[in-house]
Amino acid sequence: MSVTEALFRPLLAGDRSRPLITHYDDAAGTRVELSVATLANWAAKTANWLTEEFDVEPGTPVTVDLPAHWQTAGVLLGAWWCGAHVVTSGGDVALTTVDAAKPADAWAVVSLDPMGMGLRGTPPDGALDYISESRMFGDDFFPLQEVSDTTPALGSLTVAEVVEAARAKAVTGRVLSTMEWTVPGGVVSGLLSVLAGKGSLVQVSNPSKVDAHVESERATLLTAP
């Protein structure tokens, strides 16, 4: 069972319309809220895209070099859903920001647009626009291969180790975090711990109004890595 099926799929059995990730960018002044169903849609499209376009299968290394963001959550959950091994470099496919250095592998740029739009200009030479490419794929994903517990999933951690670590750190309720999603610790503590606890994440980038967000979102501040 993949990380996505272990930690995220159970949420689909509940209220799919409830807010799951709310993303603030204090520098841009934006706020975007994704429901369980919407994040599942992004994850499924990503998994289908990786499987059909790049032949990603259990154990295939996929580079994810992205900041903590709602689009990154969709990328990660989609990658794990098809069994990818998320790494920070050297993957068969790389997903990065537009200003990243060109990797040696197949490359897609993630816009990080708050409203989910693709790149506003032409992608860098050799790169694909992740949003424009992945949105053409199916809204549901059905794994072609079973993902075993021993499949590498996040940095040095296997699927079983990621799931165990997330459940050990599980947090509930409305949780606000400013953590960067480093691999593996930041991803586990900042994202997966909330999914494991069936909570709701308020992720703040470029934080300058944390106290105001905690009050307006009625959130508990997540500070421990």
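This note's numbering numbers the first residue of the sequence shown as 25 and each following residue consecutively.
Even for Gly, the Cβ is constructed at its ideal location relative to N, Cα and C.
Please read these numbers as outputs of a predicted model, since none were measured by experiment.
query	result
Tell me where the alpha helix (DSSP H) around Gly-104 begins and ends.	Contrary to the premise, residue 104 reads as Trp rather than Gly in this sequence. Element bounds for Trp-104: 94–105.
For Glu-57, which residues does DSSP report across the bridge?	Thr-46
Nearest-angstrom Cα distance between Asp-39 and Asn-65?	15 Å
Under 8 Å: do the stretch 78–98 and the stretch 124–136 share three or more Cβ pairs, one atom per stretch?	yes
Let's test the definition: count the other Cβ atoms within 10 Å of the Cβ of Pro-249 and tell me whether it reaches 16, buried, or not, exposed.	For Pro-249, the predicted model reports a pLDDT of 49, less than 50, meaning its position is unreliable; a value from the coordinates is still stated below. Pro-249 comes out exposed.
So Val-60 and Arg-42 are supposed to be a Cβ contact under 8 Å. How far apart are they, rounded?	6 Å
Work out the CA separation of Ala-30 and Ala-52 for me, nearest whole Å.	34 Å
Measure the alpha-carbon distance for Ala-97 versus Asp-49 and round it to whole angstroms.	15 Å
Decide if Leu-178 is buried, meaning its Cβ has at least 16 other Cβ atoms within 10 Å, or exposed.	buried
Helix, strand or coil for Ala-64 per DSSP?	helix
Indicate whether Trp-94 and His-47 have their beta-carbon atoms separated by less than 8 Å.	yes
In terms of alpha-carbon separation, which member of Thr-196, Glu-204, Gly-210 and Leu-215 lies closest to Arg-242?	Thr-196
Could you tell me which residues DSSP pairs with Thr-120 in its beta bridges?	Asp-89 and Val-133
Assess contact between the stretch 182–198 and the stretch 149–167, defined as three or more Cβ pairs (one per stretch) separated by less than 8 Å. Is contact present?	no
In the DSSP assignment, find the unbroken beta strand (DSSP E) run with Thr-112 in it and report its ends.	Segment: none, Thr-112 is in no beta strand (DSSP E) and carries neither H nor E.
Does the separation of the CB atoms of Ser-135 and Lys-69 fall below 8 Å?	no
Based on Cα-Cα distance, which residue from Glu-239, Thr-54, Leu-35 and Trp-73 lies nearest to Gly-140?	Thr-54
Going by the beta-carbon positions, is the gap between Val-186 and Val-27 smaller than 8 Å?	yes
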